[in-house]
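In what follows, a structure is listed as structure tokens, so that the remarks can point back to it.
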Amino acid sequence: MANAQASSSKCVLVSYSAAPSILSSAKWLQVQAALTALLPLRNIHWKSASRSSIRTIQELDVNLVPLDTPRDEHTQIPVTLLEKPLLNIYIVVCQNTDVEGYRTTVKKQIKDWHSVVTAQKNQEWLILHIIRPDSRAQTANFFQLKGSVFEKIRADFNAEKRERCVQVAWSPETDAPAVWAELINKIKDGVLSAFDSAVSQREEEVKRSESQRQMPGWNFCTFFILKESLASSFEGVNLFEDAYTQYDELETSFYHVLKEKNLSWFGTLINPMGGDDSAPLLSVTKKSYRDLILANTISIFDFRIYLLSRQCELLAQRGRINEISRKAAAFLAAFGRRLRDIEATLPQFFVESWIYSSALSVVGYCDNWASGFSIAGAKLNSFNAAKGELLELARTQLDVIGVTVGHLPIRPPFSSSCDPLNPPAQNNSTQTISNAEILKAIVDADAFYKLYVDATNRAIEMYTKAGRKKFALRLHGSLAALDLHRGHYKTALATYTSLPAHYAPHMWTSLESFMLSRALDTHDVYEQEKDTEWIHILLSFLKSYVDNQGSELLIYGEDKIEYVTRLVENLCQAASKLDADLAHPDHPAVSLQVSSNARIAETKDGCFLDVTVHNRLPCVLHADEISIVLAGRDSERCRFSAPLETLQCGKTELTLFCPAAAAATYILDSSELRVARLLFQWTHRKSPAKASSSLRKETHILVRVPKDLLALDVQLSQPNQVKLGEPPTILVAVTTGRNHILKASVKLTSSGVMFRPKDANLNKPSHSLEVIDNAIILEDVPEDTIVSFMVPHSDTSAFQAMKIVTEVEYTTKTEPTLSRTMRMTRVVLTALPISVNVEDFFRGSRLFSKFTISTTSHQHVRICAAHLMAQEGGLDGVKIEPCATKNRGVMTVTPAQPVNFLFYIDSAHGPVRESLNLLIRYRMLREEVESVIGEVVTNVLEGSSSPHHHRVTVVNKLVEALEHDAGWVDLYGITGELNVPSTPQDDVDEETCQLLDKAKTLLNAHKHPHPPKGSWREIKIPVDVPYMNVVAAACVRILATPFSDIASKEDALPLYAGQPISARLTINISFHWGSSAGDEKRRYILRYDVEEMVRDWLVSGPKRGDFTATNGATHTVPITLIALHHGELALPKVAVMALPMAGEMTMGSMAMPSIETYQIHGAEKVLVLPRGGRSTFVVGMGSNFG
Amino acid sequence: MAPNLRLNAVAFISPQNHPILIRTFAKQDEHSIKYHYIAHTSLDVIEERVSAAGKATECYLGLLYAMEDVAVYGYITPLKVKIVLALALSDSVVRDVEITMIFKALHMTYYSAISNPFLKLNPPTDAAHDHSPYLLVGSPKWKNFRMRVDEISRVVGNTPNAVSNP
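Going down the list, the sequences are from chains G and X.
Quick note on this note's numbering: the first sequence kicks off at 1 and runs consecutively.
Quick note on this note's numbering: the second sequence kicks off at 10001 and runs consecutively.
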């Protein structure tokens, strides 16, 4: 059969011929064996003119046949180009020298053969001359005249350029493969050139045929056979690529023909025969396709299958298994559509059965083919994926069958593969399908399910192997649907609840919600209790419902809104049955919008906040309470809440109330909606990590809570009286405002600072104060009362300020059941606004202390007075007096200018051992001005309608104006007039404007009251009076003459520059301020040193010396001074220092007594006159000697 | 008369594999789940194709797979937005040129839709998801994108495919 031949001719024919004597000789068998051993041919490179690239044939089988093999010569059907030999070989065996023998017999034989062979089209010929190897050596004889047989042959037959004669020196004894090399090349050349010419000729024919396509009478089948012969020729020489191309081209032209509807030469679309539906798709031999084609009776169905299977076969040869499965799948799907058009004429389920069986058989074929190749990596994945697709295709057919037969419901996912537009027509065919499995499944539901599950699982397995997770997921979904249908609720539920998690991460809400709704339905059908798990499923479902606003929700059947409404009702019921609160974060069904300003409640403490609640569900939600939490700068929290009954869909305006909210700006922290025991929670505050990862700007929602002047308030401040050295305290003032407080507890906490509320004491003992658990409790405090008390705390000198969290919990008389809690954070400065430095000057028994008060901040401080006082009851013999004679009034300390206060201390009995106290009364300029303003505004507002409202505005306006411009400060410091700068006042009403003007006029006329009014802060600083072991008073006196003891008077003696001047240095010693005052035996060794003033004075005499000092003693030294120039000169200074006390050791080192020296003459100057005019020198002439 | 191409569904999927828009043109509502499935499963195949192609990826990924009665084609924009096309399966040759043309039209539609500066205005502030503005383009709020996609589907369905008749 032609078909069989086409597929069997896998090798090239090469004919051989020789003289009959040779063929019959025994030696011929050896030659034949040697020739056969050369085959197959390897590495043939085919370069064709019509092809761009060189084709390489790795291996080519060659069949050596005798030339005269009988062949069925006369078929008109072009089968393959290889059915005739491509090369004819004539073998000559004779001695090379046997020219005579050649001429007589051999030449004629060759000639006969040659004429036969060259008459054949597209065949090549070759003459092989075999000689004995030893004779070959002789032919090399250069001087041989006669010429060899080989040369004769060449001369006689090889007329063309192409060398077609080969001589091989061979004998069975010396079988060396090398000798055949030339022959092999020749065979290759010959075969190729014959093949080439044959192919070009055939191609020419094909082309001609194709060009006649539009002509009447053209037959596709003929064309097909012609073209296919090319393909099988290529296949025969192992050029699968080219063979495949032929089929591809055939397929393309088939489609062209199909489009032109020129199908007359085909039989029907399909001619179903028994077993067609279950036959292996890719088998080329299951029908005699070629015969059918030749007979023009092939059906399109068979033709397409034949084409496909040939293509796949060729692909398989090349190891492209992936393409096979893909191609087959595409074919099955596409041709299946075609078949459905004529479904009515086919046996029932023919198409399904055909696709099912074919798909499975393709998988089998592929596995079979693939076993010959090693497939790995991405290839393996796609191989598996393609197999999975095929298996799924088979599974889909089961869907169709199942739905039609009634094993499966007509609902997705089962019904999605049947085309509802074309309901399965009544089929008129009497035949039945042949697939036993399907036949059984149609009758037996369980068999069907088993088949279905098996097919699905196989597909899932393949997809999983291929890494196609999403495909596998879908199939799992369909399995769950099957479980649901079969009543396996538990498995179905388990699958449905696990699937949404796979869809959720990529926001495939549509699929997610579908799965969830299925899970809910299953839950319903299953009649399970509506427990927490159910609520979670439902909430996830509602979430996806809300997320895509229901528009793309994939629920089928009932009305969506009704469906959701029912679910929500069930949810509320289920929520009320819960045992514990169930919190669900960030559900999108409800969202909140908070207005940015809270409103004061006016009649009671607390404030209202308007909130817009958006219920995105399409139905009413029964809720119990809605609340939001605002977070302040520190840990303050305000909870606003409002009771609810139902939440209509869409937007609802609600007003939430917070009973106690400190005035501040808050951010919206979280919100909560309570539905029975179910809590929807939303966190509005973004975590910083998330905020940074997101590119968009995070927007916090800010809410401002205004100050309620009449609400309960707690103020913390530094106390007005500060005593350094005593445990610090803080002043807590509780203002009740409009509330009659039944009970209030105040709790102070601060990091790093310990409060001791147990030691708290009230400033005025008007109310009771109790301390329980570190909380200070006040009871029964009427309206408009300020209760202030001091709370001592631990040392805070390390901090500039302390941050105190105040927590107040209180109940009022009007609302005794409502307990309000407020948390406030206050910062209280611990540093004092002023600092004090002291400088001491010892003058004999008197000590002058200079206190320098400077401000520690940029603020101006007003100092009312400073007093230096002894401890209570005074000190015996100590008298402290300020040096200033009269009251200096109020002074201002500015950062640039400190203020000094000077005091002197007279002590009768040596040093002052007790510490003294410096008391400073001061206040900040700001406080003073504010109190002045407050006073003035109170005056102005007398008789005004709403004092409270205006007061705040006016005061704020004035303070603001003063803050803008500091020009008023100097004038105020001197006179007390407050010149308020003018500021734009567009945002105040007329009444306030008038009040402002009035207040400004009054402030302008303000004078510093005398004595100063208002409250002053007091600070008491303990001051230690220093010790001084030795106080030395040095004095240089000019003497009238070197020998007199009398100090010169100013006018007594003129001093001249250059003239020696006698002077006396006296040092007075006092031990009055030393620790050993009164000890008369006390001795110190001191050293004095007259300062060198090399520009003014020459000092001669004992200018430096040591002496022993006793209390009250005076050390006197005469010195001589010479003024170096004239003018008013200050006398040299004298430094006195103490020497280490011999024998007295303190702490292992020499004790150095402390000493202070002052110059009595420090302010004195002497007038030195210039040496002018004539000088008279009296020179003794020796007359006195006489 | 050559059969027209019939678009059954178009899906736009973000680079993060979030669905942007899944538009089905089939009549029956209950079949839309199928196209959601198709869009979702196509991601697997697209991923395979892209990783197989390595760096030199063409936008057009060709036929991804054929399932039941649809042929699924894929396209990936240079910014990795995936477009999936579900064509009604027919037994005629579908030329890549035509499909590429449809894909280019869809790509342009998406491109012009996301050029809308108002998309980035008032992005939803709910904390649950980090919405990229490009996902919003498919939300029902913005009708233009849908309209244009529908328009393309209509045009494709009505034009006798001239390309396929040389």
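The C-beta atom is built at its ideal place from N, Cα and C for all residues, glycine as well.
Using DSSP with H/G/I as helix, E/B as strand and the rest coil, what is Asp840(G)?
Residue state, collapsed to three classes: strand.
I want to check one thing, is the minimum distance from the CB of Trp682(G) to the heavy atoms of the ligand MN below 7 Å?
Absent from the structure shown: the ligand MN. Ligands present: none.
At the level of alpha carbons, what is the spacing between Phe901(G) and Ile920(G)?
10 Å
For chain G, is any of its Cβ atoms less than 8 Å away from the one on Val10075(X)?
The residue asked about is misnamed: residue 10075(X) is Tyr in this sequence, not Val. Chain G contact via Cβ: absent.
Residue-level contact to chain X via CB, Leu511(G), 8 Å cutoff
yes
When the Cα of Ala10088(X) is compared with those of Phe223(G), Asn158(G), Ala333(G) and Ile1038(G), which residue comes out closest?
Ala333(G)
Which chain G residues are close to Glu10048(X), counting only those with a beta carbon under 9 Å from its beta carbon?
Ala378, Asn381, Ser382, Ala385, Ala466, Gly467 and Arg468
What first and last residue would you give for the beta strand (DSSP E) that runs through Asp610(G)?
Cys607 to Asn615
Does the separation of the CB atoms of Trp113(G) and Ser24(G) fall below 8 Å?
no
My assumption, with CB atoms under 8 Å, is that Leu678(G) sits in contact with Leu582(G). Please give the rounded CB distance.
Between Leu678(G) and Leu582(G), the beta carbon gap of about 5 Å places them in contact (Cβ cut-off 8 Å).
Relative to the C-alpha of Trp46(G), which candidate in Thr56(G), Leu38(G) and Ala37(G) has its C-alpha closest?
Considering only Thr56(G), Leu38(G) and Ala37(G), the residue with the shortest C-alpha distance to Trp46(G) is Thr56(G).
Buried versus exposed call for His129(G) [16 or more other C-beta atoms within 10 Å across all chains shown]:
Buried is the call here.
For a contact meaning CB atoms closer than 9 Å, what does Ala441(G) contact in chain X?
Residues of chain X passing the Cβ test: none, with the nearest at roughly 19 Å.
Does the segment 453-473 of chain G come within contact of the segment 388-398 of chain G, defined as at least 3 CB pairs closer than 8 Å?
yes
At least one CB of chain G closer than 8 Å to the CB of Tyr10037(X): is that the case?
yes
Endpoints, alpha helix (DSSP H) assigned at Arg340(G):
Arg340(G) -> alpha helix (DSSP H) spans Ile321 to Asp341.
Whose C-alpha, out of Phe841(G), Val791(G) and Trp1073(G), is nearest the C-alpha of Asn1111(G)?
Out of Phe841(G), Val791(G) and Trp1073(G), Trp1073(G) has the C-alpha closest to the C-alpha of Asn1111(G).
Between which residues of its own chain and Val899(G) is the CB-CB distance below 7 Å, once the five residues before and five after are set aside?
Ile853, Ile863, Met891 and Val893
Are the beta-carbon atoms of Ala1034(G) and Thr1157(G) separated by less than 8 Å?
yes
Once DSSP output is grouped into helix, strand and coil, what is the label at Arg290(G)?
helix
Does DSSP put Val117(G) in a helix, in a strand, or in coil?
helix
Whose Cβ in chain X lies nearer than 7 Å to the Cβ of Phe471(G)?
Residues of chain X with a Cβ closer than 7 Å to the Cβ of Phe471(G) are, in chain order, Thr10041 and Asp10044.
Is the shortest distance between the beta-carbon of Met507(G) and the beta-carbons of chain X less than 8 Å?
yes
Between Ala574(G), Gly477(G) and Arg290(G), which lies nearest to Thr222(G) when the distance is taken from Cα to Cα?
Checking every option, the nearest Cα to that of Thr222(G) belongs to Arg290(G).
Using only the alpha-carbon positions, how far apart do Lys108(G) and Asn238(G) sit?
38 Å
Could you check whether Val613(G) and Ile628(G) sit closer than 8 Å to each other, using their CB atoms as the reference points?
no
Would you mind stating whether Thr735(G) and Leu712(G) have Cβ atoms separated by less than 8 Å?
yes
Partner residues on chain G for Leu10089(X), Cβ-Cβ distance less than 7 Å:
Ala333, Ala334 and Arg337
Could you say which of Glu977(G), Ser717(G) and Asp1106(G) lies nearest to Ser788(G) if we only look at CA atoms?
Ser717(G)
Strictly below 7 Å CB to CB, what residues from chain G border Tyr10065(X)?
Glu389
Taking C-beta to C-beta, are Val791(G) and Thr729(G) nearer than 8 Å?
Yes, the Cβ-Cβ distance between Val791(G) and Thr729(G) is below 8 Å.
Beta strand (DSSP E) segment containing Pro1060(G), residue limits:
Pro1060 to Ser1070
Would you call the segment 1084-1103 of chain G in contact with the segment 999-1010 of chain G, where contact means no fewer than 3 C-beta pairs closer than 8 Å?
They do not touch, by the three-pair rule.
When the Cα atoms are used, what is the spatial distance from Gln721(G) to Arg1037(G)?
52 Å
How about Ala480(G): is its C-beta nearer than 8 Å to some C-beta of chain X?
So no, Ala480(G) is outside the interface.
Pull up the distance between the alpha-carbon of Val1134(G) and that of Pro1054(G), whole angstroms please.
24 Å
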